[in-house]
Amino acid sequence: MNYALDTPAQAQAVLKALRAAQGLSQAQVGELMGVNQKRIARIESAPGSTSVAQLAKLVALLGGRLVIDDGQTDAQQPKSSW
């Protein structure tokens, strides 16, 4: 499933849902990431205050990936000239 996030606050529910889908507790995720449970709780509650590197690591650990989308549909994208 894809999630379009326009604000960091929207990532809160997505991060928690990804973790729950893997059946992992915050403590378990923290252990896998090499941080404590409190750090995972802070990332989930304030993802906008988290580095992109740490957020990407967390999302990958939870089976996802971060994607930057330019907001254009395929029909809007310029056609290649070759």
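Note that the working numbering numbers the sequence shown so that position 46 is 1327, with each residue one more than the last. All C-beta atoms, glycine included, are put in the ideal place defined by N, C-alpha and C.
> From 1326, 1285, 1306, pick the residue whose C-alpha is nearest to that of residue 1342; which is it?
Replying inline: 1306
>> Using CA atoms only, rank isn't needed, just tell me which of 1349, 1338, 1350 is closest to residue 1299.
In response: 1338
>> Within 10 Å of its beta-carbon, does residue 1296 have 16 or more other beta-carbons around it, so buried, or fewer, so exposed?
In response: buried
> In chain order, which alpha helix (DSSP H) runs of at least 4 residues are fully inside the region 1282-1346?
Replying inline: 1289-1302, 1307-1314, 1318-1326, 1333-1342
> So residue 1328 and residue 1301 are in contact, right, with Cβ under 8 Å, and what is the actual spacing, rounded?
Replying inline: That pair is no contact at about 16 Å.
> Tell me which same chain residues have a C-beta within less than 7 Å of the C-beta of residue 1284, skipping the five on either side of it?
Replying inline: 1295
> Roughly how far, in whole angstroms, is the beta-carbon of residue 1324 from the beta-carbon of residue 1331, given that I think they are within contact range, below 8 Å?
Replying inline: 5 Å
> Is the CB-CB distance between residue 1318 and residue 1334 below 8 Å?
Replying inline: no
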